[in-house]
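Protein chains in written order, with UniProt numbering: chain A, 1 to 128; chain B, 1 to 345.
Laid out in structure tokens, this is it:
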């Protein structure tokens, strides 16, 4: 799973910033670095079949919150034995499909129900 | 500015919101960014006209890269490629990178791509505070083959982009009201009309439908709105009941995301009014989620180290997020705030 952020290429600048702004820039860069650290916390994702999609025996999973929703879709496809190209539609709370690059952390904070992030899956477009 | 004030559309379409709201919505809609699109020189077919492989476009902020592809393709066919190369061109394999080699997402609004890049250029070691890119073209490299599909996460078609757009609208709807009834209550022709509005960059077509799902703004002092403001009372205390049901201050949460220059993107519930009854401001939200960059005011608090860029505008910290949600959100319903290093200036 390609879950690491894209490589960042920082080119050095030839400009000479004044010392005061340089200090606060360094402090700001340190803050950005700390916000980039991946949160190792895990939350419960609960998969629920919709329509005639196959039901999973085990449908609770603990997922690291820094994962993208795309990784959860890929995991689900693997669990279901879905082949590439076979359609699978995924939704949150029977309502909408999140962007594939949305993180589980963001989705959990915004949409968790009773401590679970509920992901519905369907073989046909349901709430598309 | 007065040109934007509502002479180009029928007033009835926007009757639920005051003129200032329509003004801001139109300013957001009319916002464009300059792009300089260059085909990767290593991928340029033989016999191409090499002096001309660069294409400049002033693209709407609310649009998406896949919607630019037909225009770019026409240009390459007509001017740059020879007949054979034009015939073999497969736009389903196209993908874009920024000049620095960052992959550009198909499903991000173009304005967000531009703002995120602008904050990136000021937030690198050695960047001086005054070096912030302003109205310079964003340089994009167009690759003609071997797209990194796992990282793009979406096929580069207008249809996939439309589905992602609809998903974002529904997610925003769910955040605001706790369900997607407003979105699902639209007829299919209305939903399609919103996307057509973006494709054609037609404000009236888009807002004719979008005004049914976007919160209204009815300030207390406005002569158009005899109802009193929701600023200081919970929605349930409203004696009239009806007028503010769709109001910006009645939503559960404002759809808002904070984009750090190299990630991550932060999203959380953002109630329009705080527990003490005061409006939730941008400053409140920034100091809650990014305290290292935006320390909460108080004795011994450090200086603010960053600024918030929304639709290309450095946004005042006292802005109320409910208002931002009703007036400054993108066409996908989201308030996309890019954080850059440096002081408010």
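Here a beta-carbon is modelled for each residue, glycine too, at the ideal position from N, C-alpha and C.
With its beta carbon less than 9 Å from one in chain A, residue 107 of chain B belongs to the interface. Look at residue 179 of chain B: its C-beta is under 9 Å from a C-beta on chain A. Just so you know, the alpha carbons of residue 48 of chain A and residue 159 of chain B end up roughly 27 Å apart. Bridge pairing for residue 337 of chain B: B:258 and B:310 [DSSP]. With the rule of 3 Cβ pairs closer than 8 Å, the stretch 160 to 170 of chain B does not count as touching the stretch 92 to 103 of chain B.
In terms of Cβ geometry, residue 310 of chain B and residue 324 of chain B form a close pair [threshold 9 Å]. Residues of chain B with a Cβ closer than 8 Å to the Cβ of residue 93 of chain A are, in chain order, 174. By a beta-carbon distance limit of 8 Å, residue 264 of chain B does not contact residue 321 of chain B. Their separation comes to about 20 Å.
Out of A:89, A:60 and A:75, the CA that lies nearest to the CA of residue 122 of chain A is found in A:89. For residue 47 of chain A, no CB of chain B lies under 9 Å from its own CB, so it is not counted at the interface with that chain. Neighbours of residue 303 of chain B in chain A, taken as residues whose beta carbon is under 8 Å from its own, are 24 in chain order. Using a CB distance cut-off of 9 Å, residue 317 of chain B does not count as an interface residue toward chain A. The Cβ atoms of residue 48 of chain B and residue 80 of chain B sit closer than 9 Å to each other. Rounded to whole angstroms, residue 154 of chain B and residue 123 of chain B show a C-alpha spacing of 28 Å. DSSP places residue 139 of chain B inside the beta strand (DSSP E), whose first and last residues are 138 to 143. Spatial neighbours of residue 65 of chain B in its own chain (CB-CB distance under 7 Å, excluding positions within 5 residues in sequence) are listed in chain order as 96, 104, 106 and 110. For the stretch 265 to 295 of chain B, the set of positions with a beta-carbon nearer than 8 Å to some beta-carbon of chain A reads 265, 266, 267, 268, 269, 290, 292 and 293 in chain order.
In this structure, residue 85 of chain B keeps its C-beta atom at 9 Å or more from the C-beta atom of residue 145 of chain B. Distance from the CA of residue 315 of chain B to the CA of residue 279 of chain B, rounded to the nearest whole angstrom, comes to 16 Å. Between the alpha carbons of residue 34 of chain A and residue 27 of chain A lies a distance of about 11 Å. For residue 114 of chain A, there are no neighbours in chain B by C-beta distance under 7 Å, as the nearest C-beta there is about 15 Å away. Against chain A, a Cβ distance below 9 Å from residue 123 of chain B picks out 25, 28, 29 and 32.
Among the residues facing chain A, residue 311 of chain B is not included, as its CB has no counterpart in that chain under 9 Å away.
Contact of residue 106 of chain A with chain B by beta-carbon distance below 9 Å involves 257, 264, 265, 266, 267 and 268. Residues of the same chain with a CB within less than 7 Å of the CB of residue 183 of chain B, apart from the 5 flanking positions on each side, are 169, 170, 173 and 213 in chain order. Not a single CB atom of chain A sits nearer than 9 Å to the CB of residue 147 of chain B.
The beta-carbon separation of residue 25 of chain B and residue 327 of chain B, rounded to 6 Å, stays under the 8 Å limit for a contact. In terms of beta-carbon proximity, residue 103 of chain A lines the interface with chain B, with at least one pair separated by less than 9 Å. Per DSSP, residue 29 of chain B is one residue of the alpha helix (DSSP H) stretching across 19 to 30. Residue 137 of chain B has a beta carbon lying at 9 Å or more from every beta carbon in chain A. Between residue 178 of chain B and the set B:254, B:136, B:53 and B:43, the nearest pair of CA atoms involves B:254.
In the DSSP assignment, the residues bridged to residue 68 of chain A are A:103. Contact check for residue 341 of chain B against residue 291 of chain B fails: the beta carbons are separated by 9 Å or more. In chain order, 96, 97, 98 and 99 make up the part of chain A whose C-beta sits under 7 Å from the C-beta of residue 167 of chain B. Around residue 118 of chain B, no beta-carbon contact reaches into chain A at under 7 Å, the shortest distance being about 15 Å. According to DSSP, residue pairing for residue 289 of chain B in a beta bridge does not occur.
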